[in-house]
Structures are given as C-alpha cells and as structure tokens.
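Just so we're aligned, residue -9 is where the sequence shown starts under our numbering, counting upward by one. For every residue, glycine included, the Cβ atom is placed at its ideal position computed from N, Cα and C. Note that this is a predicted model, so its numbers are computed, not measured.
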Amino acid sequence: MAELAGRAERPNEVVARIDARLVQLDHAQQGLINHVEELTDRRLRELKSIVRMTKVVNPDDLLKRSANSSAQGGPFIEMAGGLDLAGGDDSAFAKQLYRVSQNLKKVADLEESIARMPLSEPLVHYRKTSSYGSRRDPFNGRMAFHSGEDFAAPHGTKVYSPGAGKVTYAGWRGGYGRVIEIDHGNGFKTRYGHLGTMNVKVGQEIAFRDVIGKVGSSGRSSGPHLHYEVWFDGIVRNPSKFIEAGQYVFAKQG
Ligand SMILES: [Zn+2]
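What follows is the structure, encoded as structure tokens:
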C-alpha cells in the first residue's frame, strides 16, 4: 500500500480493495472451519473405535443414552443456530458450520460417557491368575464359568475405581466375602470381591481412581487377590476388553 501514498484513493479503488480483503477473509474462514472439521471428525472416529473395543455397546447407542441423561444443546449449538451471520441458512458454509457443531457435541458427549466407563485397571501392580470365562474351579476341580478376572496382589494393596460412579453395595456377600459394587451410569457396573477392607459406603459418589478398598482374601478365596467383574445392561462381561480399550484412552493422556 506504500505506493498509494501521496495520492487520494478513488471510491471504486477503495471498494475493490475491500472486496479483495473480504475474499481473503472468506478463504481464511473456510480454511479454519475445514481444519476444525478435520480434527473433530478424527477425534470422533477415535472415540467411537475405543467404545467399539469393549465389544458390548456401539458408540451410537452410547450417544443415545447420554442424550437421554444429559441436557441437549450447549453454547456451540446456540452459536450455529444464528446462521444468518454466516451468510444465510442454506449456504454451504452455514451447513458445514452446523455439521461441525453437531459433531463437536457428539465428541463432548462421548468423552463424558467414556470418562464414566470402567476402562482403567483397578490395581496398579498385579498378576492375573484367572481370566473371565470357563475354567476349572480351583476348589472342586470341575469346569465352571468364571464371571470376572482374578488379580493377585499382596494383602492391603489399594483398589482404585476404574471410572466415576456411585456405590450401590458395600458389605459381606457369601463367596465374594467383602464386596463393593459401583454403578457407573449408562448401564455399566463393576464389582470387587474378596476385599480385606472397604473404604466406601452405599450411596457414596466415587471419582475416577478413588481408592475404594484394599485387597484381601475374604469369602471363598485361596489367597489374597481381587475378583473383578464388569457388567453392562445386567449381563456380566469380559473385563479385559474394557481394560484393552482403556489402554487407548490413557496412553493418549501420557
Ligand atoms: Zn474370581
């Protein structure tokens, strides 16, 4: 613009310059929204694949559950509602902005749902001594269904909640000995058996990684270990699938 100094710009020159500037801005705006859309789509794909790894629920069903339990909308939806600012409701840009805002909402909902799922490990150090599924009963030698995983660890080892939730049971129950049950919402529950001590009460809200108790050998147990169960929609599931999925969640935060 230095070469313009020294003479007055004519009005049509000013308009042409502003027009050129607006085209530049349009391109910048389009570039920005394309970038946001790309990042949002990638994040959504990652989150959906993590949910699918659990093998029990598909991400769209999980999104429906979270839509039923949390308020709809959010600031981004409100913003995209005022589409007149973006050049009218049916402009390609407005449609793209709306699509991106919908996907951002899905990302936020899935992140919130995943944070409550039992995807981390309840013990830091352990040795898996028995897997979920059919096995020979350690007491009578007969084949039986093992409803969880056994993690051997010394007496007094801290047991962590693998996701946020609410305690629905904490007490003695037959073969389980001292047992805690946590409801994580969206259909997910966990159970911790053979505990030595219990640090929580029924009704208590639990945050991610709170210490809920300590390993013991109470009930029908041959040595100190945690019997860990994961439930979804009233059916007991394979905890290792959840822990595998969790490795993708927690690796990213490192
Ligand atoms: Zn067991």
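Counting other Cβ atoms within 10 Å of its Cβ, Asn130 stays below 16 and is therefore classed as exposed. Per DSSP, reduced to three states, the secondary structure at Lys45 is coil, with no helix or strand assignment. When only Cα atoms are considered, Thr180 and His17 end up about 51 Å apart.
Here the segment 201 to 218 lies against the segment 162 to 174, with 3 or more beta-carbon pairs under 8 Å apart.
Runs of the beta strand (DSSP E) lying entirely within the segment 91 to 138, each at least 3 residues long, are 117 to 120, 123 to 126, 133 to 136 in chain order.
Counting only the Cα atoms, Asp127 lies some 16 Å from Gly183. A direct Cα-Cα distance of roughly 43 Å separates Tyr166 from Leu94. Burial check for Glu28: the Cβ neighbour count within 10 Å stays below 16, so the residue is exposed. Using a 10 angstroms sphere on the CB of His217, the tally of other CB atoms reaches 16 or more, which defines it as buried. Close CB contacts of Arg125 within its chain, under the 6 Å cut and outside five residues either way in sequence, are with His136 (chain order).
Under the three-state reduction of DSSP, Val190 is assigned to coil, being neither helix nor strand.
For Ile170, the pairing in a beta bridge is given by DSSP as Ala160, Tyr182.
Between the beta-carbon of Phe232 and that of Thr44 there is about 5 Å, and that keeps the pair under the 8 Å contact cut.
In chain order, Ile40 place their CB closer than 6 Å to the CB of Tyr238, counting only its own chain and leaving out the 5 sequence neighbours on each side.
In this structure, Leu113 lies near Phe141, with their beta-carbon atoms less than 9 Å apart.
Separation of Ile23 and Ala57 (C-alpha to C-alpha, rounded to the nearest whole angstrom) is 25 Å. Membership of His215 in the beta strand (DSSP E) is indicated by the continuous run 215 to 222.
The C-beta of His145 has fewer than 16 other C-beta atoms within 10 Å across all chains shown, which makes the residue exposed. Assignment of beta-bridge partners to Gly206 by DSSP yields His215. Rounded to the nearest angstrom, the gap between the Cα atoms of Val4 and Val13 is 14 Å.
Judged by the Cβ position, Ser207 fails to qualify as a neighbour of ligand 1 at the 8 Å threshold, every heavy atom of the ligand being at least this far.
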